[in-house]
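Asks: Taken in sequence, the protein lines are chains A and B. Residues 1 to 381 (my numbering) make up the first sequence, in order. Residues 1001 to 1243 (my numbering) make up the second sequence, in order. Just so you know, even glycine gets a beta-carbon here, dropped at the ideal spot from N, CA and C. All values derive from a computational prediction rather than experimental measurement. First the structure, which I've put down as structure tokens, then a few questions once you've had a look.
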Amino acid sequence: MDLLTSTTVQQIINAVSVGAIYALFALGYALVFSILGVLNLAHSAIFMWGAFIGMLALDPEKAPILIAFSIAALLLSIPSILLEKRIVQPQLLRLPHQSQRFVGLIVRVVALYLLWQIGRPIYGILIGILPETMIIPAIIAFVFSVLGGGILSVILEFTAFRPLRARNAARLAQLVSSIGAALVLVNVAQIAFDWLYNRTEGYYPRDVQLLPFIPTETWIIGDLRITPIRVVILVIALGLMVALQYMVTKTQIGQQMRAVAFNQRISSLLGIDVSRVYIVTFFLAGAFGGAAGMLFGMVFLNVTPFIGESIALVGLTAIVLGGLGSINGAVLGGFIVAFIQTASVTFGGSSYRNAIVFILLFLVLLLRPQGILGQAEENRA
Amino acid sequence: MKSKPETSHPILEVTNLQTSYGSIRALNGISFRIMHGQVVSLIGANGAGKSTTLNTISGILKADTGQIVFFEEDITGLSAHHITRRHLIQVPEGRQIIANMSVLENLMIGAHIRLDKAKVQTDLEGIFERFPRLQERRKQKAGSLSGGEQQMLAVGRALMMRPRLLMLDEPSMGLAPLLVNEVFALIAEIKSQGIPILLVEQNARKALQIADYVYVLDRGQIVNEGSAQEIQQDTDILSAYLG
Ligand SMILES: Nc1ncnc2c1ncn2[C@@H]1O[C@H](COP(=O)(O)OP(=O)(O)OP(=O)(O)O)[C@@H](O)[C@H]1O
Ligand SMILES: [Mg+2]
């Protein structure tokens, strides 16, 4: 093999593994867009949180903090959800219509404050019990990222989207609401970053053994150099995508998601609980975003509260390329963006990485706004 | 579904229903009832409030006041999916099939509300026997069907949900005369199985042939009611609504 071709093959391997992460991430946009008709611009912040949570879990010194926090949050969430469903909501419904929202807001702000006050001592006790350093296997860390992303995404649905839908707010209002949510999520991450690492610039715990059974040294086949972690990432990402495809086409909840994406009124006449489908969809989107974030962190070994910004551009380009709301399109778009980025880095240098994505987005919007797999508006059934 | 012996209780009783779109009142306090095994028809001109009535019963619209009782249960204010899960099924007006899903998926998508899972497959075979066209095209996208086939699919999908009351909103709308006859033959068949039907129609002549009892709706109010024969003999109504 001469040098050029082996470099090319090398680049293709890199592009494929990065493309898998992009595809995973873009799927979250597509899922939410398909039912909401609005881009969830806080999805990139979920990605960042997925990366952040994964990094904390892999860092032996921070893992106990993550675990104590998670247990405390879990302990408090179950009674508070029950309280909300059984007591707060029924009582609110008795109030005159105009005051429901206002009283509801106050009750919930007070409740959050109380939860925080009760949660802190619980956290304190837990952190005292746990050892000072803990080594968490990467697979468990991955589960943390996936669940964390999913839960954050569901919280977004309840706080940033559902209240607006309830009053028939315009789509633009929902879009703006999601931007606001993204700002909050990034700010909280900044505070957490600063508190945990005394810094806001990029970081990743070094020398963590990502997966004990995966060799850390590079495989060398002929002229090719393959990092095993990239292969693992590719396998995980593809596995998740296949699972999603199966779920959407073969399972009852997947069918219901498609029905709700098509028309919510008809869906409710078919006995489908539309709010539940929203929750499941947001959870899945967030879980995929969290997974993508974790894998991204493992590849680039650099996580900051701001990694969502450039991935947002990539993800948006991917779904616009593939056709908004199309699941297969998002996957295709993710891989295309990765290939174009890799090519531009190879031929033009890494400073064009983001510029080339932006140009791509611009060109697609100009030439084929319905995307590659999307149908033109007038042909849509 | 076995029809229970005639009882004095209506299966659906709507009392003084008022529904508005914002500040515009579309239903001005309407009351009517449906008895076991009956086909009741709601007729009226464009914009009279027929679809609004069905959508309020189905829980898609919230009533300002009034009460809806279904099999002696007050279902006023329940969400649409909860009402559907009580097997009060609406086939909405227009071609409301899920165009990007296959014919088979459309037929099956409502069946999750059933508890008798074992009988779902038998019912599906029954539907396919009744509509061979749907069987031939079961793997095709529902959007590729003709208008008449889509209407049959919509009714078939409703039957797969085992309705205890079937509400049909203008099932013959936009269909060629031959297909209109086919739709009404189907309604007669459903009636003969003992499934009660609330039929909204603009084609009042056809509706009167099949209905046991008729309510005439005008600008959000019930202005007349009677057995199909009584309404048919009323020349005023005939001229106003049968054209
Ligand atoms: N979404 C809506 N917003 C505002 N007004 C509406 C809406 N839908 C219906 N209306 C009004 O409510 C009234 C009743 O409408 P509805 O659709 O129930 O009539 P209909 O009897 O079903 O008529 P058609 O025979 O045309 O289907 C009409 O005056 C209509 O203009
Ligand atoms: Mg109507």
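(1) Where does G308 of chain A land, buried or exposed, given buried means 16+ other C-beta within 10 angstroms?
(2) Could you check whether the Cβ of T1056 of chain B sits closer than 7 Å to any heavy atom belonging to ligand 1?
(3) Closer than 8 Å between beta carbons: that is the criterion. Which residues of the region 1070–1093 of chain B meet it against chain A?
(4) Strictly closer than 5 Å from CB to any heavy atom of ligand 1: give me those residues in the order they appear in the chain.
(5) Answer with buried or exposed for R230 of chain A, where buried requires no fewer than 16 other C-beta atoms within 10 angstroms of its C-beta.
(6) Decide if Y278 of chain A is buried, meaning its Cβ has at least 16 other Cβ atoms within 10 Å, or exposed.
(7) How would you call V364 of chain A, buried or exposed, if buried means at least 16 neighbouring beta carbons within 10 angstroms?
(8) Using a beta-carbon distance cut-off of less than 7 Å, what residues from the region 1104–1131 of chain B approach chain A?
(9) With distances taken from CA atoms, which of B:Q1038, B:R1205 and B:L1027 is nearest Y1213 of chain B?
(10) Any heavy atom of ligand 2 closer than 7 Å to the beta-carbon of D1169 of chain B?
(11) Mind checking whether V1200 of chain B and L1042 of chain B have CB atoms under 8 Å apart?
(12) Identify each residue in the region 318–344 of chain A for which the Cβ-Cβ distance to at least one residue of chain B is less than 8 Å, and report them in chain order.
(13) Could you confirm whether any beta carbon from chain B is found closer than 8 Å to the beta carbon of A30 of chain A?
(14) Based on DSSP bridge pairs, tell me the residues matched to K1141 of chain B.
(15) May I ask you to check if the CB of E1093 of chain B is nearer than 7 Å to at least one heavy atom of ligand 2?
(16) I1101 of chain B versus chain A: which residues are under 7 Å apart at the beta carbon?
(17) Who are S1227 of chain B's beta bridge partners in DSSP?
(18) Under a Cβ-count criterion, where at least 16 other Cβ atoms within 10 Å of its own Cβ denotes burial, should H1009 of chain B be classed as buried or exposed?
(19) At a Cβ cut of 9 Å, what residues of the region 158–179 of chain A count as close to chain B, listed as they run along the chain?
(20) Could you tell me the distance, in whole angstroms, from the CA atom of I1109 of chain B to the CA atom of Q255 of chain A?
(21) Given a cut-off of 8 Å, decide if L324 of chain A and I372 of chain A are closer than it, judged by their beta-carbon atoms.
(22) For A166 of chain A and P1132 of chain B, I'd like the C-alpha separation in whole angstroms.
(23) Find the residues of chain A that neighbour Q1096 of chain B, judging by a C-beta separation of less than 7 Å, and give them in chain order.
(24) Tell me which residues share the same chain as Q1229 of chain B and place their Cβ nearer than 7 Å to its Cβ, disregarding the 5 neighbours each side in the sequence.
(25) Taking the straight line between their C-alpha atoms, what separation do you get for L360 of chain A and T317 of chain A?
(26) Going straight from the alpha carbon of L284 of chain A to that of A261 of chain A, what length do you get?
(27) Give me the Cα-Cα distance between T281 of chain A and I53 of chain A, rounded to the nearest whole angstrom.
(28) Specify the secondary structure class of T249 of chain A as computed by DSSP and reduced to three states.
(29) For a quick check, are the C-beta atoms of G1029 of chain B and L1012 of chain B less than 8 Å apart?
(30) Assign L1168 of chain B to one of three DSSP states: helix, strand, or coil.
(31) Can you name the residues of chain A whose CB is closer than 9 Å to the CB of S1058 of chain B?
(32) State whether the region 36–53 of chain A contacts the region 151–165 of chain A, with contact taken as three or more CB pairs (one from each stretch) at a distance under 8 Å.
(33) Quick one: is W49 of chain A buried, meaning 16 or more other Cβ sit within 10 Å of its Cβ, or exposed?
(34) Could you work out which residues of chain B lie near Q255 of chain A, taking near to mean beta carbons separated by less than 7 Å?
(35) Does the region 16–35 of chain A come into contact with the region 287–303 of chain A, if we say contact requires no fewer than three beta-carbon pairs (one atom in each stretch) closer than 8 Å?
(36) Excluding the five sequence neighbours on either side, which residues of its own chain have a C-beta within less than 7 Å of the C-beta of A20 of chain A, listed in chain order?
Replies: The relevant details are as follows:
(1) Buried is the call here.
(2) At a cut-off of 7 Å, the beta-carbon of T1056 of chain B does not count as near ligand 1: no heavy atom of the ligand is closer than that.
(3) Answer in chain order: S1079, A1080, H1081, T1084, R1085, I1089, Q1090 and P1092.
(4) My final list is B:Y1021, B:A1026, B:N1046, B:G1047, B:A1048, B:G1049, B:K1050, B:S1051 and B:T1052.
(5) Buried.
(6) Label assigned to Y278 of chain A: buried.
(7) Under this definition V364 of chain A is a buried residue.
(8) Near chain A, meaning a CB-to-CB distance below 7 Å, the residues of the region 1104–1131 of chain B are E1105, I1109, G1110, H1112 and I1113.
(9) Per the Cα distances, B:Q1038.
(10) Taking the Cβ of D1169 of chain B as the reference point, at least one heavy atom of ligand 2 falls within a distance shorter than 7 Å.
(11) Note that the C-beta distance between V1200 of chain B and L1042 of chain B is below 8 Å.
(12) Cβ contacts with chain B: none found.
(13) Answer no: the Cβ-Cβ gap between A30 of chain A and chain B never drops below 8 Å.
(14) Beta-bridge pairing links K1141 of chain B to B:S1102.
(15) For ligand 2, at least one heavy atom lies less than 7 Å from the Cβ of E1093 of chain B.
(16) According to the sequence provided, residue 1101 of chain B is Met. The question's Ile does not apply to it. In chain order: R258.
(17) Assignment of beta-bridge partners to S1227 of chain B by DSSP yields B:Y1213.
(18) Exposed.
(19) Against chain B - using a Cβ distance shorter than 9 Å - the region 158–179 of chain A contributes no residues.
(20) Distance between the alpha carbons of I1109 of chain B and Q255 of chain A is about 7 Å.
(21) In this structure, L324 of chain A does not lie closer than 8 Å to I372 of chain A by Cβ.
(22) About 43 Å.
(23) Within 7 Å Cβ-Cβ: I266.
(24) Same-chain partners within the cutoff: there are none.
(25) Distance between the alpha carbons of L360 of chain A and T317 of chain A is about 7 Å.
(26) Going from the Cα of L284 of chain A to the Cα of A261 of chain A covers about 15 Å.
(27) Computed Cα separation, rounded: 21 Å.
(28) Helix, per DSSP.
(29) A distance of 8 Å or more separates the beta carbons of G1029 of chain B and L1012 of chain B.
(30) Strand.
(31) S268 and L269, listed in chain order.
(32) Yes, since at least three Cβ pairs between the region 36–53 of chain A and the region 151–165 of chain A fall closer than 8 Å, the two stretches touch.
(33) Looking at its Cβ environment, which holds 16 or more other Cβ atoms inside 10 Å, W49 of chain A is buried.
(34) By Cβ distance, chain B contributes E1105 and I1109.
(35) Counting Cβ pairs under 8 Å, three or more are found: they touch.
(36) Answer for A20 of chain A: I233, L234, A237 and L238, listed in chain order.
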